[in-house]
Amino acid sequence: MPANVKNLIESYYAAFNAGQPQAMLDLLSRDVVHDINQGKREIGKDAFAAFLDHMNISYRERLTDIVVMPAADGTRAAAEFIVHGAYLRTDPGLPEAHGQNYVLPAGAFFEIRDGLITRVTNYYNLENWLNQVGAK
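Here it is in structure tokens:
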């Protein structure tokens with residue numbers, strides 16, 4: 003089962019890098035829990051889709067050096083990667099966007115049930131990102 007979990011998470015990130023949000027959504031459970039980095043918890047595929055739409059307007063990102071680490075029982079996984087991005091449109095409460103580029107180490111935790119992702123929790127260092135986009 004861990005190999006299937008690894009493939010599931012790799013497919014999720016391949017869809018992300020290909021700019022295919024629907025393919026990402028197809029890998030999520032209807033009641034997916036999304037813990038946004040230093041933000042709120044959202045529940046449901048519709049909320050996740052709205053988050054992706056917002057992100058695609060404000061940011062252009064590509065992930066590299068992706069390492070997926072599935073749990074032995076196949077119910078959870080972690081991933082570590084590098085985000086290469088551009089800040090395209092000002093996100094409310096954040097500094098003004100001018101197309102600033104950034105490179106940011108990040109990670110995520112996943113829960114899996116019945117072959118679908120049921121939780122995505124993302125982490126990155128917000129202070130690092132703020133420094134790179136010229137907020138400090």
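In our numbering, the protein residues as written are 3 to 138.
Just so you know, even glycine gets a beta-carbon here, dropped at the ideal spot from N, CA and C.
Query - Proximity of N39 and L128 at Cβ, strictly below 8 Å - result: yes
**Report entry** Cα-Cα separation between G136 and T123, rounded to whole angstroms
**Finding:** 26 Å
Query raised in the report: Looking only at its own chain, which residues have a Cβ that is under 6 Å from the Cβ of V35, when we skip the five neighbours before and after it?
Result: I45, R121
Query raised in the report: Counting pairs of beta carbons, one from the stretch 102-109 and one from the stretch 48-60, are three or more of them closer than 8 Å?
Result: no
Query raised in the report: Are Y89 and G76 close, meaning C-beta to C-beta below 8 Å?
Result: no
Report task. Could you name the residues that DSSP lists as bridge partners for Y61? Result -> Y89
Query raised in the report: Within 7 Å: the Cβ of Y14 and any heavy atom of the ligand COA?
Result: This structure lacks the ligand COA; in fact it carries no ligand of any kind.
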